[in-house]
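Before any comments, here is the structure.
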Amino acid sequence: MNYIEPLFRPPSEWKSLILQVTNGCSWNRCTFCDMYTAPQKRFRAQKLDKIAADIMSVSKSGRLVHRVFLADGDAMSLPFDRLEAICLLIREHLPDVTRISSYCLPRNLKNKTVEELSRLRELGLSLLYIGCESGDDEVLRRIEKGESFESSLAALKKIKAAGIKSSVMILNGLGGTELSQQHAINSAKLMNAAQPEYLSTLVVTLPLGTGRMDASYNGHFQLPDQHGLFVEMHTLLKHLELDKTIFRSDHASNYLVLKGTLGKDKDKLIAQVEQAMTKPQSSGLRQEWQRGL
Numbered sequence: 437m438n439y440i441e442p443l444f445r446p447p448s449e450w451k452s453l454i455l456q457v458t459n460g461c462s463w464n465r466c467t468f469c470d471m472y473t474a475p476q477k478r479f480r481a482q483k484l485d486k487i488a489a490d491i492m493s494v495s496k497s498g499r500l501v502h503r504v505f506l507a508d509g510d511a512m513s514l515p516f517d518r519l520e521a522i523c524l525l526i527r528e529h530l531p532d533v534t535r536i537s538s539y540c541l542p543r544n545l546k547n548k549t550v551e552e553l554s555r556l557r558e559l560g561l562s563l564l565y566i567g568c569e570s571g572d573d574e575v576l577r578r579i580e581k582g583e584s585f586e587s588s589l590a591a592l593k594k595i596k597a598a599g600i601k602s603s604v605m606i607l608n609g610l611g612g613t614e615l616s617q618q619h620a621i622n623s624a625k626l627m628n629a630a631q632p633e634y635l636s637t638l639v640v641t642l643p644l645g646t647g648r649m650d651a652s653y654n655g656h657f658q659l660p661d662q663h664g665l666f667v668e669m670h671t672l673l674k675h676l677e678l679d680k681t682i683f684r685s686d687h688a689s690n691y692l693v694l695k696g697t698l699g700k701d702k703d704k705l706i707a708q709v710e711q712a713m714t715k716p717q718s719s720g721l722r723q724e725w726q727r728g729l
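The numbering of the sequence shown is the working numbering, which starts it at 437 and goes up by one.
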C-alpha cells in the first residue's frame, strides 16, 4: 500500500496490517510531540474509496490478516458513520481479522455515544490506545494537550461502558523537574479512577530539542535525570491502586524495563525501581545508545 510517511504505530501492533484511514493528527498542538509536524503530515481524512481499495488489495493478495491498526494518530476523529463503514469493509473482505485497534484522543469521543462505540466493538474495534500523557491539569495545560483530568476520565469511562479495552500511555518526565511529583500522583489518580486494561509508561523524548516546551516551563524545560525518572516512577507506582491492569514500561525510551500486572505485582515492581535508585549498576539498565528511537 502507498503510505504517507512517516507512519507510526504502537509497538504491540508490529504484526498488524496498518490501514491509513487518516493522515496526521487533527489536534497536532502538543508541545512535546513532533510526530506529525512534517508538511506532508497535515491532517486529512482518507477517502472511503481509497480505504476500500487498500482493503481489497490486501484481500486479493492472499495475505492472512488477523489484526488491523487504523492509522494515523487520530483515526477516531472520523465520524461514526465513516468508522462503521471501514469496519464493515474489513469484516467483508478480511474475514480472519479478530481485532481492530486505533489511537484515540479523549476529545474524539465527545460526539460518539456509548451505543455507537458498542456498535464498533461489535464490528471488531476492540482496543483503543489513549495517549493521556498525564493526569495533572497543570502539566496538560503546559503541554497544550487540550485535555484535562476530567475529559480523559470521561473518555476512558465511555470506552469501558462500550466494552472496548483501553491501553493508556503516561509519559514519564513530562512535568519536568518542576512538576514531577504532582504529574506522577495525579496520573495515578486518573488511572485509579479509570481502571484501564493496559497501562504503559514511556520516557518523554525531544529529538528536535526543548524549544516548544521551554515557553511553558519558565523558559527552560528540564527533563529529570535518570535518578529523577526513577523517583517519579516510584511515586507513580506507590499511588497506583489497580485491580487487574497489565502494566508495561518496556518501550525503548525507558532505562528500566518493568512488566507485571497491577495490583498483584505492585510490590515487586516497586522493589525493582528501588534497586535501580540505590544500585543502578546492578539493575540491568539500558545504556544511552540502547534508548535510540
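Ideal Cβ positions, reconstructed from N, Cα and C, are used throughout, including at glycine.
- The criterion of a C-beta distance shorter than 7 Å is not satisfied by SER513 and ASN547.
- Shown here, CYS523 sits in a helix according to DSSP, grouped into three states.
- Cβ-Cβ distances below 6 Å link ASN628 to GLU677 in the same chain, with the five nearest sequence neighbours on each side left out; the list follows chain order.
- Sequence-distant Cβ neighbours of ARG465 in its own chain, meaning closer than 6 Å and more than five residues away, are GLU580.
- Contact check for SER616 against GLU583 fails: the beta carbons are separated by 7 Å or more.
- Among the bridge pairs identified by DSSP, ALA507 is matched with GLN456.
- Contact annotation: LEU589 and ALA620 have beta-carbon atoms that are not nearer than 7 Å.
- PRO442 and MET605 have their C-alpha atoms roughly 21 Å apart.
- Ranked by Cα distance from LYS594, the options SER719, SER570, PRO632 are led by PRO632.
- As a beta-bridge residue in DSSP terms, LYS695 pairs with ARG684.
- If you look at LYS548, you'll find it isn't in any alpha helix (DSSP H); DSSP assigns it neither H nor E.
- Just measuring C-alpha positions, the residue of SER497, MET492, ASP485, ASP508 sitting nearest TYR439 is ASP508.
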